[in-house]
Each structure stands twice: as structure tokens, then as C-alpha cells.
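Counting along the sequence shown from 1, when you hit position 126 you're at 126 in the UniProt record's numbering, and nothing is skipped either side.
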Amino acid sequence: MMEEEELEFVEELEAVLQLTPEVQLAIEQVFPSQDPLDRADFNAVEYINTLFPTEQSLANIDEVVNKIRLKIRRLDDNIRTVVRGQTNVGQDGRQRQGLAPGSSRLECGVHSSLSQTPGLKRSSHLRLPSRFF
1 MMEEEELEFV EELEAVLQLT PEVQLAIEQV FPSQDPLDRA DFNAVEYINT LFPTEQSLAN
61 IDEVVNKIRL KIRRLDDNIR TVVRGQTNVG QDGRQRQGLA PGSSRLECGV HSSLSQTPGL
121 KRSSHLRLPS RFF
């Protein structure tokens with residue numbers, strides 16, 4: 001009974017994780033890779049059989065496991081770096097947005113000062129460069 005539930009769960013998970021061919025092609029173009037783990041048609045059994053083609057090759061299983069653990073650590077580090085970078089970009093964006101209210105106060109202050117300047121036509125407008133907004 002438990003094996004059937006696990007099998008159903010795996011099938012449901014695989015159905016959710018299926019990417020459209022267009023998305024898969026875009027990923028392959030942006031991130032080309034020769035790693036079999038990155039392939040859309042990855043088959044775990046075939047991959048393990050290539051790592052350990054014979055029973056004798058199982059003798060180096062510790063070495064293979066250590067290589068995979070190192071690869072996982074590198075991927076985790078890369079993911080952590082990207083997430084931190086995105087967090088920093090978001091914080092920078094929020095800080096820049098914080099300048100917008102101040103720049104509109106500047107605009108109001110300039111407009112007020114100019115409107116009080118003697119001899120200035122009422123229809124005149126001051127245009128500030130877009131970098132102030």
C-alpha cells in the first residue's frame with residue numbers, strides 16, 4: 001500500500017515538473033550544459049548504471065558519493081550567491097524609489113520659487129531632466 005502511494009506521489013510530482021518544449025529549449029540556449037543531470041530526459045537508473053557499469057565498480061562508490069556531495073555544495077553556494085545578489089538588487093531598487101518623493105518635493109519647491117519671481121510669465125514651465133523623477 002505504501003509503495004503505491006509513493007509511486008502515485010512520484011508520478012504527480014513528475015507531471016508538475018514537466019516543462020513545455022519551448023521552455024526547455026530556452027533553458028538549454030541560456031544555460032548550455034553537457035551534464036546528464038541537466039537533461040530534460042534524465043533517467044536516474046541509466047545514470048547510475050553509467051557510474052557503476054559492473055559490480056566491481058561499486059568499490060569506488062565512496063569516491064563517487066564525495067564528488068556528488070562536492071557538486072551539491074558548489075550548487076548550493078551558487079544559489080546562495082544568486083539569491084543574495086537578487087536581494088541586494090531589490091534593496092537598491094527600494095532605496096532608489098525612496099528618492100522619488102524627495103524629487104517631487106524639489107520640483108514643487110522650484111515651481112513655487114519661480115512663480116514668486118517677479119517678471120516671470122505665468123505660462124512658463126521648468127522641465128527637470130527625467131533622472132530627477
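Backbone N, C-alpha and C define an ideal beta-carbon position, used for all residues, glycine too.
query, result
"Backbone secondary structure at residue 55 - three-state DSSP", "coil"
"Residue 77 to residue 3 span [Cα, whole Å]", "35 angstroms"
"Backbone secondary structure at residue 19 - three-state DSSP", "coil"
"Cβ neighbours of residue 13 in the same chain (closer than 6 angstroms, five flanking residues each side left out)", "none"
"Cα-Cα separation between residue 87 and residue 75, rounded to whole angstroms", "18 angstroms"
"Residue closest to residue 41, alpha-carbon to alpha-carbon, out of 31, 29 and 18", "18"
"Helix, strand or coil at residue 40 according to DSSP, with G and I counted as helix", "coil"
"Sequence-distant residues of its chain with Cβ nearer than 6 angstroms to residue 5 (five each side left out)", "none"
"Range covered by the alpha helix (DSSP H) that runs through residue 77", "61-97"
"Three-state secondary structure (DSSP) of residue 31", "coil"
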